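Since the structure comes first, as structure tokens, the remarks are kept for the end.
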Amino acid sequence: MENELAKKQRAGFSAKERAIAKLGIGAVSFCLAWMEWLTPSVPPFTGKWAWTKIWAFEAMGPRGIVGIWMALGTLLLALGLVQLWNSGKNVD
60 MENELAKKQR AGFSAKERAI AKLGIGAVSF CLAWMEWLTP SVPPFTGKWA WTKIWAFEAM
120 GPRGIVGIWM ALGTLLLALG LVQLWNSGKN VD
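This is how it looks when you write it as structure tokens:
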């Protein structure tokens, strides 16, 4: 049998901690969108995720990358808030 400390160490993050992480990453995404709005990236794009920037630039124009960051931030904030709301209900 395992003791309670071993179970807590193996369990990883709680639902509330995961929700807070999503909220934080969502906030960072909004900061990146703001940075992209102030100083837009221009082609040629490089890096592993350059294909997403190329797609956003070609599909939506110079401010398309801002849309990608805003969509990601909105998604993460919504998921984080829902998970945070639900984590408070599941308390024993």
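Convert by adding 59 to the 1-based position in the sequence shown; the result is the number in the working numbering.
Every residue gets a Cβ at the ideal spot worked out from N, C-alpha and C, and that includes glycine.
These numbers come from a predicted model, not from an experiment.
Minimum Cβ-Cβ distance from residue i to chain D less than 8 Å
i, result
"A86", "This model lacks chain D altogether, as it is built from one protein chain only."
CB contact flag (residue i, residue j, <8 Å)
i, j, result
"P103", "R122", "no"
"E95", "I113", "no"
"I127", "A137", "no"
"S73", "L135", "no"
Three-state secondary structure assigned by DSSP to residue i
i, result
"F116", "helix"
"V101", "coil"
"G126", "helix"
"G147", "helix"
"G71", "coil"
Residue i, enclosing alpha helix (DSSP H) - first and last residue
i, result
"K107", "Careful: K107 lies outside any alpha helix (DSSP H) and carries neither H nor E."
"R122", "R122 -> no alpha helix (DSSP H), and no H or E assigned at all."
"V87", "74 to 97"
Environment of residue i [buried if 16+ CB atoms lie within 10 Å]
i, result
"G71", "exposed"
"E76", "exposed"
"L97", "exposed"
"G120", "exposed"
"A130", "exposed"
Residues near residue i in its chain [Cβ-Cβ closer than 7 Å; skip 5 each side]
i, result
"D151", "Residue confidence is low: D151 scores 49 on pLDDT, short of 50, so the model does not pin down where it sits. No coordinate-derived value is stated."
"A78", "G139, Q142, L143, S146"
"I84", "L135"
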